[in-house]
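Counting with my numbering, you get residues 23 to 216 for the letters of the sequence shown. Shown next, in structure tokens, is the structure this report addresses.
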Amino acid sequence: MKRLPLLPTLIVAAACATMIALGIWQLQRARWKDGLLRDYAAAQAQPPIAYPTVPYPKDLPLFRKSEALCLEVTGWRAVAGRSADGTSGWSHLAQCRTGAEGPGITVDAGWSARPDNPQWTGGPVSGIIGADGQSVIRLVSAAPLAPGLKASAPPALDDIPNNHFAYAIQWFFFAGVAALIYALALRRRSRASG
Numbered sequence: 023m024k025r026l027p028l029l030p031t032l033i034v035a036a037a038c039a040t041m042i043a044l045g046i047w048q049l050q051r052a053r054w055k056d057g058l059l060r061d062y063a064a065a066q067a068q069p070p071i072a073y074p075t076v077p078y079p080k081d082l083p084l085f086r087k088s089e090a091l092c093l094e095v096t097g098w099r100a101v102a103g104r105s106a107d108g109t110s111g112w113s114h115l116a117q118c119r120t121g122a123e124g125p126g127i128t129v130d131a132g133w134s135a136r137p138d139n140p141q142w143t144g145g146p147v148s149g150i151i152g153a154d155g156q157s158v159i160r161l162v163s164a165a166p167l168a169p170g171l172k173a174s175a176p177p178a179l180d181d182i183p184n185n186h187f188a189y190a191i192q193w194f195f196f197a198g199v200a201a202l203i204y205a206l207a208l209r210r211r212s213r214a215s216g
């Protein structure tokens with residue numbers, strides 16, 4: 023029996039080991055995500071909390087009911103969003119001053135088909151805490167806060183991707199294919215030199 027070529031064998035073995043490790047990591051992430059989704063589902067049934075002025079990124083109160091007071095709207099941004107009935111359009115996010123105690127809050131004031139800023143200057147808001155790419159979290163109002171707006175779709179568990187198991191299968195498949203291709207290459211090499 024011929025000796026295996028050292029460098030190619032080491033490279034393929036290292037690549038396969040890396041892909042297997044990535045598959046195992048994705049399985050661990052899948053277990054973590056399942057637990058997180060269970061926590062979020064349970065949060066929906068819990069009583070309202072005061073809106074956090076400085077959210078802790080590793081323990082966000084997503085899907086919790088909350089209330090806050092927007093003393094003054096300091097700015098607007100419109101982002102792609104859905105209405106409560108599922109129609110695509112624009113969610114209108116108000117940057118609100120809440121007092122001298124912190125950075126303020128982001129309020130989803132409602133949905134419309136156009137990105138124009140609504141006429142809302144602030145007031146009490148109650149709704150559900152959702153994720154926000156710019157402000158970390160936002161308070162999605164349960165009711166539209168200005169004329170011409172409809173309620174935005176509340177945060178939904180279905181919007182959180184949970185495809186780690188599929189990624190794990192993919193990494194294991196890649197490792198198997200790499201090992202198979204290398205084994206076939208070695209077999210062909212053995213036949214050619216035999």
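Here a beta-carbon is modelled for each residue, glycine too, at the ideal position from N, C-alpha and C.
Quiz item: What do you reckon, are the CB atoms on T96 and Q117 nearer than 8 angstroms?
Solution: As a working note, residue 96 is residue 74 in the sequence shown. As a working note, residue 117 is residue 95 in the sequence shown. Yes; because the gap between Cβ atoms is below 8 angstroms, this pair is in contact.
Quiz prompt | Nonlocal neighbours in the same chain, by C-beta distance under 8 angstroms from V34, ignoring five residues either side | solution = Residue numbering aside, residue 34 sits at position 12 when the sequence shown is read from its first letter. A200, A201 and Y204, listed in sequence order.
Self-check item: Short Cβ contact (8 angstroms threshold) for H114 with A131
Solution: Within the sequence shown, the letter at position 92 stands for residue 114. Within the sequence shown, the letter at position 109 stands for residue 131. In this structure, A131 lies closer than 8 angstroms to H114 by Cβ.
Self-check item: Residues bridged to T102 (per DSSP)
Solution: Indexing the sequence shown from 1 puts residue 102 at position 80. Per the sequence presented here, residue 102 reads as Ala, with Thr not at that position. In the DSSP output, where bridge partners are listed per residue, A102 has W112.
Quiz item: Got a sec? Which residues, its chain only, sit under 8 angstroms from I159 by beta carbon, not counting five neighbours each side?
Solution: Counting from one through the sequence shown, the residue named residue 159 turns up at place 137. P74, P77, L82, P83, L84, T128, I151, G152 and A153.
Quiz prompt | Proximity of A175 and R104 at Cβ, strictly below 8 angstroms | solution = Within the sequence shown, the letter at position 153 stands for residue 175. Within the sequence shown, the letter at position 82 stands for residue 104. Cβ atoms of A175 and R104: closer than 8 angstroms.
Quiz item: Roughly how many whole angstroms lie between the Cα atoms of M23 and A197?
Solution: Residue 23 sits at position 1 when you count from the first residue of the sequence shown. Residue 197 sits at position 175 when you count from the first residue of the sequence shown. For M23, the pLDDT reaches just 49, beneath the cut-off of 50, and the residue's location in the model is therefore unreliable, leaving the point undetermined.
Self-check item: DSSP state of G218 mapped onto helix, strand, coil
Solution: Coverage of the chain is limited to positions 23 through 216, which leaves residue 218 absent and any answer about it impossible.
Exercise. Whole angstroms is fine: what's the gap from P166's alpha carbon to A64's?
Key: One-based indexing of the sequence shown puts residue 166 at position 144. One-based indexing of the sequence shown puts residue 64 at position 42. Computed Cα separation, rounded: 26 angstroms.
Quiz item: Rounded to a whole number of angstroms, what is the C-alpha to C-alpha distance between P146 and C92?
Solution: On the sequence shown, position 124 is the one that residue 146 refers to. On the sequence shown, position 70 is the one that residue 92 refers to. Rounded to whole angstroms, P146 to C92 spans 6 angstroms at the Cα level.
Quiz prompt | Residues that C92 bridges to, as DSSP identifies them | solution = As a working note, residue 92 is residue 70 in the sequence shown. When DSSP reads this structure, C92 sits in a beta bridge with G145.
Quiz item: Hey, quick one: how far does the alpha helix (DSSP H) through A65 stretch, first residue to last?
Solution: Position 43 of the sequence shown holds residue 65. Element bounds for A65: L28 to A65.
Quiz item: To which residues does DSSP link A72 through a beta bridge?
Solution: The count along the sequence shown starts at 1 and reaches residue 72 at position 50. Under DSSP, A72 takes part in a beta bridge, and its partners are E89.
Practice problem: Starting from S134, follow the beta strand (DSSP E) in both directions and report where the run begins and ends. | Solution: Position 112 of the sequence shown, counted from the first residue, corresponds to residue 134. Where S134 is concerned, the enclosing beta strand (DSSP E) stretches over I127 to S134.
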